[in-house]
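2 protein chains.
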Amino acid sequence: MSQMIRIAIDAMGGDYAPVEVVKGAVDALKEHNNVKIILVGDSTEIDRELSQHEYNKKQIEVVHTTQVISCNEAPVEAIRKKKDSSLIVALKMVKEGKADAVISAGSTGAVLVGGQVITGKIRGIKRAPLATVIPTMKGVSLLIDCGANVDARPEHLLQFAQMGSIYMEHVIGVKNPKVSLVNIGAEEAKGNALVKEVYPMLKELDTIHFTGNIEPRDVFEGETNVVLCEAFVGNVILKLAEGLSSTLIHAIKDGMMSSTRGKIGGLLVKPALKDTLKMFDASEYGGAPLLGLNGLVVKMHGNSKAKEVRIAVGQCITFMEQGINEKIREQLGRR
Amino acid sequence: MSQMIRIAIDAMGGDYAPVEVVKGAVDALKEHNNVKIILVGDSTEIDRELSQHEYNKKQIEVVHTTQVISCNEAPVEAIRKKKDSSLIVALKMVKEGKADAVISAGSTGAVLVGGQVITGKIRGIKRAPLATVIPTMKGVSLLIDCGANVDARPEHLLQFAQMGSIYMEHVIGVKNPKVSLVNIGAEEAKGNALVKEVYPMLKELDTIHFTGNIEPRDVFEGETNVVLCEAFVGNVILKLAEGLSSTLIHAIKDGMMSSTRGKIGGLLVKPALKDTLKMFDASEYGGAPLLGLNGLVVKMHGNSKAKEVRIAVGQCITFMEQGINEKIREQLGRR
């Protein structure tokens, strides 16, 4: 592919911005020569960071902005007021056709709202879901919607299922991905009004490989590829898993440190423990894409470092090269 | 308290029935002399188990039934058809004033539906929520509703909050328990339609100590005492936590066993690991009570053994001695 892919990066978003963001962008250039990265943010700070690195000047552009949206601001208000913030300017570049994708580790709320409102949805897409790759015992699954659209209706979930399948197949590389609906029971008749209504609709959808319900206890077993749910439940799954893993691991470490015997044992098991925990690290797959937009918006974790930024750039490139939006348009779009 | 508390136990429910159920009942008698236990089920099987033990014959009665509801049956149909099942007969004893409480480790669906339909709710209680004690870093919290009423409305959650507070204070023993609403953000304006509507109503309720939203990642930190949510979300929290803990622990064990160094270390850390995992064992607090009923119905885990049955008997006794239903009636009942 000879065409340059243009990625706007919110250089001011995240706990380690702009240092790690700029470093990640430069690192990405070493792996990809078909990309142009537009660093959006305070140009003085960005230039200072850039001066620390060697890179192909033609592949980086800096767009100066004067404002930053913080995580504590109400998203809708921040978007309306901070027109010259790094995030908003980056999102507008996609809307205006000056960039193909946006990456941001900034305020989740502002990225979600801004993505839907500024960048805009593909014609025919009713809601843009946030998807994220989660680690399982058998690799990874895609959790969709993990936080963008609360109170979703059945017709939204149908689209999420299809967009999730396309992403899982063509970006993550799982052929004919299995789609399962999160429910509090395995049988079709279980659950709340939403899942009861959407289940038969999913069964009739011939564009996906629907395998029925998945119970929350089985999500991390990895038997399915696309874990489908509405955003409130999806966010509960994502955040509870993060919180509980860290709680458990701390408790285990504390437990080991409470006796000499445990301390010695702890030192011995450390490498094995580290390998195990690495298994549950999904950061290799980039950030969380907001699907169904004109262009692509990738939300990264606030604590992302250069490595994660570099991987997210690769994720955007794969997304573009695989023509994900063309596939979504073909299957779900409206003229 | 001199009055005998009468507890009907579904002797046929659960993976280890009737052996462990009968043993647990007999064990409970060693701790309590103000209880009469009615074992409901196949009298031949129950009598055979009873003959293995020494106990005060006046404290045990056997009620013979001929049917059992299995976990694979549709609850509503099973309840209609299996009138002579151990569960239904036990529930009817509470309705008819022949018992004060029911304990069952059988089909969750049948216990939930049967509890609401057969035993009946306290006048003024709109829905009976399932509550369960969950282990946290700082002790235990009460998760309510963890599975009984999907598609609950705000007025139901208000009652759940109050009943959960009463249970936590008078059965578990936490003075003036803090109540938090599960939400996907800490601020009042976050969340779906249900939580947005119920938040200000909770703030105005002077019978509880409402402390605002709790994010799923913090549930197991133990900063709050009553974790309030509707049943779909509550069941996702409960089942995901069970599944993820077991997945993580298996992965860690497998990781240790994959090298000689890890194996030796694993042996050394075993006692510490065991203590840590025990910290996350909430079975000391009995089964999950269905609150707001005339009487009390306690759902035990299907894999409960004698110890859990014994503890559940104690839980029912405390519930009765503390007059929980009188307190609920006083605060929420209607004449």
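Chains A and B are the protein sequences, given in the same order.
Count along the first sequence from 1, then add 20; that gives the number in the working numbering.
Count along the second sequence from 1, then add 20; that gives the number in the working numbering.
Yeah, the Cβ is synthetic: ideal placement off N, Cα and C, and Gly gets one too.
- Item | Nearest residue (CA-CA) to residue 89 of chain B, options B:122, B:30 and B:347 | B:30
- At 7 Å on the CB atoms, spell out the chain B contacts of residue 362 of chain A, in chain order. Any answer about residue 362 of chain A is impossible in this case: the structure gives chain A only from 21 up to 355.
- Item | Stretch-stretch touch, CB-based, cutoff 8 Å, three pairs: the stretch 246-259 of chain B with the stretch 178-185 of chain B | yes
- For the alpha helix (DSSP H) that contains residue 345 of chain A, what are its first and last residues? 344-352
- Taking only beta-carbon atoms, is residue 212 of chain A less than 8 Å away from chain B? yes
- Query: With 16 as the cutoff for other CB atoms within 10 Å, does residue 301 of chain A come out buried or exposed?
  - Reply: exposed
- Task: Can you say whether residue 226 of chain A is buried or exposed, counting buried as having 16 or more other CB atoms within 10 angstroms of its CB?
- Result: exposed
- Do you know how far the Cα of residue 91 of chain B is from the Cα of residue 39 of chain A? 57 Å
- Query: Is the stretch 169-178 of chain A in contact with the stretch 138-153 of chain A, if contact means three or more CB pairs nearer than 8 Å?
  - Reply: yes
- Task: Measuring only between beta-carbons, confirm whether residue 264 of chain B sits less than 8 Å from chain A.
- Result: yes
- Below-8 Å beta-carbon distance, residue 256 of chain B vs any chain A residue: yes
- Integer-rounded CB distance, given that residue 123 of chain A should sit under 8 Å from residue 308 of chain A: With a Cβ gap of about 11 Å, residue 308 of chain A and residue 123 of chain A do not count as contacting.
- Report all residues from its chain with a CB closer than 7 Å to the CB of residue 139 of chain B; omit the five preceding and five following residues, and keep chain order. 111, 114, 115, 313, 314, 315 and 317
- Message: What does the Cβ neighbour count give for residue 220 of chain B, buried or exposed, with the cut at 16 atoms within 10 Å?
- Response: exposed
- Message: Strictly by DSSP, which residues pair up with residue 56 of chain B?
- Response: B:26
- Query: Name the chain B residues that come within less than 8 Å of residue 148 of chain A, Cβ to Cβ?
  - Reply: Going along chain B, no residue has its Cβ under 8 Å from residue 148 of chain A, so there is no contact; the nearest lies around 17 Å.
- Indicate the three-state DSSP secondary structure (helix, strand or coil) for residue 154 of chain B in the structure shown. strand
- Query: Can you name, in chain order, every residue of its own chain whose Cβ lies under 6 Å from the Cβ of residue 36 of chain B, other than the five neighbours on each side?
  - Reply: 325
- Go ahead and pull the three-state DSSP assignment for residue 81 of chain A. strand
- Residue(s) in a DSSP beta bridge with residue 233 of chain A: A:201
- Query: Unbroken beta strand (DSSP E) runs of length 3 or more, entirely within the stretch 82-151 of chain A: which are they?
  - Reply: 121-124
- Message: In chain order, what are the residue ranges of uninterrupted alpha helix (DSSP H) at least 4 long that sit wholly in the stretch 218-266 of chain A?
- Response: none
- Message: So residue 27 of chain B and residue 336 of chain B are supposed to be a Cβ contact under 8 Å. How far apart are they, rounded?
- Response: 5 Å
- Task: Quick one: residues in its chain with C-beta nearer than 6 Å to the C-beta of residue 86 of chain A, no 5 flanking neighbours on either side, listed in chain order?
- Result: 104
- Message: Using beta carbons (cut-off 8 Å, strictly below), is residue 272 of chain A in contact with chain B?
- Response: yes
- Message: Below 8 Å on the Cβ atoms is my contact criterion, and I expect residue 46 of chain B with residue 75 of chain B to pass it. Report the Cβ-Cβ distance as a whole number of Å.
- Response: 5 Å
- Scan the stretch 331-348 of chain B for residues whose Cβ lies nearer than 8 Å to a Cβ of chain A and list them as they occur along the chain. none
- Message: Check this for me: beta carbons of residue 237 of chain A and residue 288 of chain B, under 8 Å apart or not?
- Response: no
- Scan the stretch 93-112 of chain A for residues whose Cβ lies nearer than 9 Å to a Cβ of chain B and list them as they occur along the chain. 94
- Message: Counting only Cβ pairs nearer than 8 Å, list the residues of chain B close to residue 241 of chain A.
- Response: 263 and 267
- Residue(s) in a DSSP beta bridge with residue 298 of chain A: Answer by DSSP bridge pairing: none, since residue 298 of chain A is not bridged.
- Query: Using a Cβ-Cβ distance under 8 Å, would residue 89 of chain A count as near chain E?
  - Reply: Protein chains A and B are contained in the structure displayed, whereas chain E is not.
- Task: Measure from the C-beta of residue 151 of chain B to each C-beta in chain A and report whether the shortest distance is under 8 Å.
- Result: no
- Message: Buried or exposed for residue 21 of chain A, going by 16 or more other Cβ atoms inside 10 Å?
- Response: Because the pLDDT at residue 21 of chain A is just 45, under 50, the model does not fix this residue reliably, and the point stays unresolved.
- Item | Backbone CA spacing between residue 96 of chain A and residue 210 of chain B [nearest angstrom] | 12 Å
- Give the DSSP-derived three-state secondary structure of residue 363 of chain B in the structure shown. In the structure as shown, chain B begins at 21 and stops at 355. Residue 363 of chain B is therefore absent and cannot be evaluated.
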